[in-house]
Ligand SMILES: Cc1cc2nc3c(=O)[nH]c(=O)nc-3n(C[C@H](O)[C@H](O)[C@H](O)COP(=O)(O)OP(=O)(O)OC[C@H]3O[C@@H](n4cnc5c(N)ncnc54)[C@H](O)[C@@H]3O)c2cc1C
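Residue numbers (our numbering): 147 to 500.
Put into structure tokens, the structure is as follows:
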């Protein structure tokens, strides 16, 4: 019988899992709490282009990610640019898609939908539990934007949100206290990212790390490496850490923008407020995990998986960021495990029939 999987999150991890399992004939249901796909890799229309709300690029060492782009037929849409980075990294090339990362997200979604999968937006997972029947199915209970509830039953569950959110929604699962503790101990750093479209450029580099004492810790001059395209100006991202207990976290976007811009102006005094053609602030609650667990926590209960960059063993505090590759590798590994579990259970069923 056709196996089913409920995937929580329509970011890169969830969509890669959805693509692989829908291709393998699974009944795929993706649940996303936001009203759009992409997660941290989401794009918005800027000028006549789609652009990521957070700065992203590819690197030649992103093996799993590049292999995914070949598989989806979009590898040829990547151009490799000089990085204009400081220091040793300046020799490395940075990759970017002709139409931005929205191409990658759209291609993944198209495959899932073509293979019969569905994606539900504005739907938040509240609880995952065993449904108590002998067929060992799981029930994922969700809350819709109009506060009504809906349940999805599936053979497998893949959770791609933060490890903390997973624990908070998995009281109904047979998970040991020790595993829950380890997942809860994975703390996350929150970040702000101010995306600005500026009339002129302030520097020639792509990436600049900023010393302590500034509200943001890095500047990414997207257009310096990837060109002006049809954005209508130079694209600059200012990315900074923030604690969610800091009163700034709940401030409105324009106030945070003003604080960030004032600090930017101190660094580049020739820039004035009238140089800003457009801006967009993104608050990222779970930007980077700060601690990597000692044990493998990717399958906390039988056939329930966590596919999260927090469980990928990279030095997440290191810059430049290069985490999508690890996320795609983990998604591939989880899907292989699900396919092998499915083959095993089908073999067992056949043995019982004979
Ligand atoms: C500022 C910044 C810059 C970065 N730049 C790079 C880069 O240049 N190169 C690189 O390799 N990596 C980069 N990264 C990392 C990269 O963005 C992530 O590794 C990748 O996008 C993670 O994808 P994901 O699907 O695992 O998680 P996410 O993108 O976080 O997706 C998880 C999804 O699950 C949804 N969700 C969570 N909980 C629930 C729930 N209870 N119910 C329903 N839905 C839920 C969320 O809304 C979200 O859409 C960057 C990250 C940041 C913050």
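Glycine included, C-beta positions come from ideal geometry on N, C-alpha and C.
As the structure is a prediction and not an experimental result, all values here were calculated from the model.
- Within the same chain, 274, 275, 276, 447 and 450 come within 7 Å of residue 319 by CB-CB distance, once the 5 residues on both sides are set aside.
- Cβ atoms of residue 332 and residue 439 come within 8 Å of each other, at about 6 Å.
- Burial state of residue 185 is buried, judged by a 10 Å Cβ sphere holding 16 or more other Cβ atoms.
- Sequence-distant partners of residue 455 (beyond 5 residues in either direction) whose C-beta falls short of 6 Å from its own C-beta, in its chain, are 469 and 473.
- The Cβ atoms of residue 338 and residue 388 lie closer than 8 Å to each other.
- In this structure, DSSP gives residue 330 a helical state, which the three-state scheme calls helix.
- Within the model, the alpha-carbon separation for residue 394 versus residue 400 is close to 11 Å.
- Under the criterion of beta carbons closer than 8 Å, residue 369 and residue 381 qualify as touching, at roughly 5 Å.
- Distance from the CA atom of residue 351 to the CA atom of residue 365, rounded to whole angstroms, is 9 Å.
- CA-CA distance, residue 310 to residue 386, rounds to 22 Å.
- Minimum Cα-Cα distance from residue 170 among the listed residues 158, 187 and 147 corresponds to 147.
- Counting every other CB atom within 10 Å of its CB across the protein chains shown gives residue 290 a total below 16, marking it as exposed.
- Judged by their CB atoms, residue 152 and residue 334 are not nearer to each other than the 8 Å cut-off.
- The residue from 183, 228, 484 and 254 with its alpha-carbon nearest to that of residue 373 is 228.
- For residue 468, the distance from the CB to the nearest heavy atom of ligand 1 is below 7 Å.
- In summary, residue 416 is exposed, with fewer than 16 beta-carbon neighbours lying within 10 Å of its beta-carbon over all protein chains present.
- Between the C-alpha atoms of residue 424 and residue 326 there is a straight-line separation of about 43 Å.
- Between the alpha carbons of residue 256 and residue 495 lies a gap of roughly 33 Å.
- In summary, residue 265 is buried, with 16 or more beta-carbon neighbours lying within 10 Å of its beta-carbon over all protein chains present.
- Within the chosen limit of 7 Å, ligand 1 does not reach the beta carbon of residue 388 with any heavy atom.
- The three-state secondary structure of residue 244, taken from DSSP, is coil.
- When Cβ pairs closer than 8 Å are counted between the two stretches, the stretch 211 to 224 is seen to touch the stretch 241 to 249, the count reaching three or more.
- Excluding sequence positions up to five before and after residue 271, its CB lies within less than 7 Å of the CB of 154, 177, 286, 288 and 315, all in the same chain and listed in chain order.
- Beta-bridge partners of residue 490 (DSSP): none assigned.
- As for any alpha helix (DSSP H) of minimum length 4 sitting wholly inside the stretch 311 to 399, the runs are 323 to 330 and 368 to 372, ordered along the chain.
- For residue 163, the uninterrupted alpha helix (DSSP H) run begins and ends at 158 to 169, by DSSP.
- DSSP places residue 215 inside the alpha helix (DSSP H), whose first and last residues are 209 to 217.
- Residue 299: member of the beta strand (DSSP E) spanning 295 to 300, first to last residue.
- For residue 428, the enclosing beta strand (DSSP E) stretches over residues 422 to 435.
- Residue 396 is classed as exposed because its beta carbon has fewer than 16 other beta carbons within 10 Å across all chains shown.
- Counting only residues of its own chain and dropping the five nearest sequence neighbours on each side, residue 480 has a CB closer than 6 Å to the CB of 451 and 453.
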